[in-house]
Structure formats: structure tokens, C-alpha cells
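Here the structure is laid out as C-alpha cells; the discussion comes afterwards.
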Ligand code: UDX
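Residue numbers (full-length UniProt numbering): 1 to 447.
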């Protein structure tokens, strides 16, 4: 039987979609092992659904990435120690009765591809970002597309016209986060015969996936969102959280609220806002008069106004982590104030929840652009003085989405996209067909 090794970058936003993809493959009869760092495997089961979990070392087995002196230092160690450890793991499996047939590596783990080549294992790239963002990175890296200077609107083939601030931040070449920017720009270096899988679906990003097909065997195999109605292994109900959700508190609170009455607020697993922005957000949420459920990770709670976490007013609840899929699936939630990470965006689309976009960096500004201007499933809050989004703007946007005429259109679009997402993963849908094609390819290799 074909045995696929799946190698995500070791963080929530990457493991989660790749695990969902892995589950989809097991439901099609493939044997799948997801490999991640020992530090992470300590807190998850050795088997999730039918997917086996195996560990490699990143050099930080005891305390994880947060104990590295910088991200650059961590990435060096992840590559150096990780490559060796991965090679040993592959050799061990290859001497067993279940050798690997191929490796699906995250494009943010390019060294995984090098290891695969060194041990003669076929490799397939997987992108956890949107097709549009991926196509921008690829075209910028090949010198085909230039990011415009501020104030200029760039007309582009197969993508909406965009200004500089709407491009993914790693394409700006402004010198910030050089290691990550280099990863982002160089992540697609294969050729036309090479598979690249995308966590998206054909109907959502028709034009961008067409562009990518000019360069690779690009296929959209998403949305990799676990709670979608059951279809071919999607919707299997298994989420994966690296942090413990405050399940009981959150869901009990939400279950008592009327339909479409709650603003759910989360900035994902990484982004952090400055204190002044947190003040404006806190006042905006309170002033909106709506219920709000706000995730502020434990490490970020110090940026909240004093005493706010314990006493956010009678309409609010602040938690350190939520079971986000359950929250978005709950009918009480009428608006998702989000940083527009790609997983959060796809999750909101899959559950038909309107979005209020407050993008921070990386791919988020581009995702926010698409949410507002292409899919019509949300609006972007406008950045005002000092680069801040003020409380009044937050209140206005919440009102527009939850009460206004604009909100009605947005809700209709959100419903439409939810149906299209469901259709894509259902038997015979675009994603289902793309996964079948990939499974046939893997099975042929194993024969
Ligand atoms: C990052 C980037 O921001 C994202 O754009 C990229 O595509 C992947 O890496 P992150 O910032 O964490 O990810 O955001 P996002 O992609 O939205 O992923 C966050 C995940 O954490 C989601 O799957 C979400 O459901 C989950 N989550 C978040 C929870 O389960 N509970 C929470 O309280 C918050």
C-alpha cells in the first residue's frame, strides 16, 4: 500500500491544514504518516484519525521555538538538525514493512525536498497559502511582476488591481524578516511536471490557479477545514490544536446568545498588536453594543488595557484560545473580526461567516483584499492616524456587517461561498477530483 510522508512547517497554521489533507488521503485508502517536531508531538496523540504521527528533532525538543534566541537561529537549527533527523526516520521506515512512497513537504520547509531527493524519495510541494498569494510570490521571484511604489495601482493579469499595501508583505522586498521573505519568494522552484498542492478550491481562485498551472502541476485540494459536511474524508470532525482551547467557557457562553449576535475576534497563532491598537479595539468592541468573544493569547494579555481580560463588560468574554471551528460553526456568531490568516479565512468561508478584516502582515493584506473586493464576504477596517484602526471605525464596520444593507449582501455572498466550498469537497466536486488524480498518481508510484 502507498505510504505518504507529510511534512508541515511546525506551527498551528501549517500543521492544521496538512493534517486535514492527510486525513483526506487516508479516507481514499492511502497510508499516511505526518512528521513534526518532538516538542509538538509531546502534546498530541500518536495517531489522529487514521493518520500516524512521527517525530523528528529540531534541536529544541524540550522547550520548542520560543526558547530559541531568534527565529533565524531556530530556522537554522530546524533545517540542520531536522534534515539529519528526517533522513534517519525515512531510513528507519524504509527498512520496515511500510516504506515511504513519497513525501508531501510544506513549501516553508524546502529542506524537506532536499532530504527527499538525497534519499531518492519522490516529493510533492504543498502550499498553506492562497493561490493568489502564491502566484504573486512566484511572479515577483521570477522578475515577471514588480510590486508598485506607494500610491500607484498595479494592473495585473488574472489578479485584481492592487496597491502596494495590498501585496503580501514578503513580496515588498523592504528588508524586513529577510529569512522568511527569502523562503516566501523562493518557495516554488520546481518545473512544469512538478506537483504543487494548494489549500484552496478551484471555484474560489479560478484565475490564480490557472496562472500557477503555467508553471507547475498545480492542484487545489482544499479547503482543508475539518468541520465541513462529511464528504470523502473532509468533515471528519478532527481538529488539531497546539494550545488547549477554553472549550467549556467559550461554548457555554456562546450557546446562550441569540443567532448572529456575537462578534468573534481572533488574530491567529502568531500576530501581536501594539498596546494602543488593543486599547482602540477594546473600546470599539465595547462601544459596538454587540456581544464579543475575543481570543487574546496568554503571551499577549499584557497588551490589553488593565483589568480588561477579567472584566470586559457585560457583553464580552476574553479567552486565551478558542475551539475556533466550533465557534465559527455556532449560529450565534454573526461576524468574525480576523487578521485574515489563510486558515481563518478559509474557515470563515467554509462556515459562511462574514468577516471584518484587520490584516497585519505576510499574506493577510492580500487575503483581506480578496475578502472585500473579490468574494464580497467581508469588509476591511480602514487604517487611520498613527497607523491605527480607531474605535469609531471598528464600531462602524461592525454595524455595517451585522445590521446594515451592506451586511445583507455580505451575508448572501458568505452563504454562496459556503455552498461552493461544500460542493468542491463533495463526491465529484473540483477538490474531490483533484485529490483523486493525486491519489492515482501516488498509487501508481507504489505499484
Ligand atoms: C499563519 C499565517 O498568518 C497564515 O496566513 C498562513 O497562511 C499560515 O500561517 P496564523 O497566523 O496562525 O497562521 O493564522 P491562520 O492561518 O488563520 O491559522 C490559525 C489557526 O489557528 C486556524 O486554523 C484557527 O482555527 C486556529 N485557532 C486560532 C484556534 O483554533 N483557536 C484560536 O483561538 C485561534
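Every residue gets a Cβ at the ideal spot worked out from N, C-alpha and C, and that includes glycine.
Since the structure is predicted, the reported quantities are computational estimates derived from the model, not experimental observations.
Query, Result
"Collapsed DSSP secondary structure at residue 38 in the structure displayed", "helix"
"For residue 250, three-class secondary structure by DSSP", "helix"
"Residues that DSSP places opposite residue 187 in a beta bridge", "The partner list for residue 187 (beta bridge, DSSP) is empty, contrary to what the question assumes."
"Proximity below 7 Å, CB of residue 5 to CB of residue 100", "yes"
"Backbone CA spacing between residue 170 and residue 180 [nearest angstrom]", "7 Å"
"Same chain, Cβ closer than 8 Å to residue 233, neighbours up to 5 away in sequence not counted", "Bear in mind that the predicted position of residue 233 carries a pLDDT of just 43, short of 50, making it unreliable; the figure below should be weighed with that in mind. Within the same chain, residue 233 has close Cβ partners 23, 24, 25, 26, 27, 28."
"Counted within 10 angstroms of its Cβ, other Cβ atoms place residue 249 as buried (16 or more) or exposed", "exposed"
"Within 7 Å, strictly: CB atoms of residue 350 and residue 225", "yes"
"Same chain, Cβ closer than 8 Å to residue 344, five either side skipped, listed in chain order", "266, 268, 324, 336, 338"
"Heavy atom of ligand 1 within 6 Å of residue 199 beta-carbon", "no"
"Buried/exposed call for residue 432, threshold 16 Cβ in 10 Å", "buried"
"DSSP bridge partner residues for residue 373 (one or two, in chain order)", "Answer is none; residue 373 lacks a bridge partner."
"Extent of the continuous alpha helix (DSSP H) run through residue 407", "405-425"
"DSSP state of residue 339 mapped onto helix, strand, coil", "coil"
"Option nearest residue 400 by Cα separation, candidates 283, 92, 263, 202", "263"
"At least 3 beta-carbon pairs within less than 8 Å: the stretch 195-211 vs the stretch 134-147", "yes"
"Residues that DSSP places opposite residue 217 in a beta bridge", "195"
"Proximity below 7 Å, CB of residue 10 to CB of residue 40", "yes"
"Beta-carbon proximity check, residue 291 vs residue 315, cutoff 7 Å", "yes"
"Any non-hydrogen atom of ligand 1 closer than 6 Å to residue 12 Cβ", "yes"
"Residue 270 beta carbon near ligand 1 (any heavy atom closer than 6 Å)", "yes"
"Cβ-based neighbour list, residue 43, same chain, cut-off 8 Å, excluding 5 preceding and 5 following", "242"
"Opening and closing residue of the alpha helix (DSSP H) in which residue 110 lies", "110-118"
"Within 7 Å, strictly: CB atoms of residue 201 and residue 430", "yes"
"Start-to-end residues for the alpha helix (DSSP H) that takes in residue 490", "Only positions 1 to 447 of the chain appear in the structure, and residue 490 is not among them; the question remains open."
"Residue 6 at chain C interface by Cβ criterion, 7 Å", "Protein chains in the displayed structure number just one, and chain C is not present."
"Of the listed residues 293, 405, 154, nearest to residue 166 (C-alpha basis)", "154"
"Cα-Cα separation, residue 414 to residue 347", "11 Å"
"In DSSP terms, what residue 31 is bridged to", "3"
"Per-residue DSSP class, three states only, for residue 291", "strand"
"Backbone CA spacing between residue 127 and residue 85 [nearest angstrom]", "23 Å"
"Classification of residue 408 by the beta-carbon crowding that lies within 10 angstroms, buried from 16 upward", "exposed"
"In chain order, each alpha helix (DSSP H) run of at least 4 residues that lies wholly inside the stretch 50-103", "71-94"
"Buried or exposed (CB count within 10 angstroms, at least 16 for buried), residue 289", "exposed"
"Beta-carbon contacts of residue 362 that lie in its chain and below 7 Å, excluding the five residues immediately before and after", "168, 169, 170"
"Contact belief for residue 119 with residue 152 at Cβ below 8 Å, rounded distance in angstroms", "Going by Cβ atoms, the distance from residue 119 to residue 152 rounds to 47 Å, so no, they are not a contact pair."
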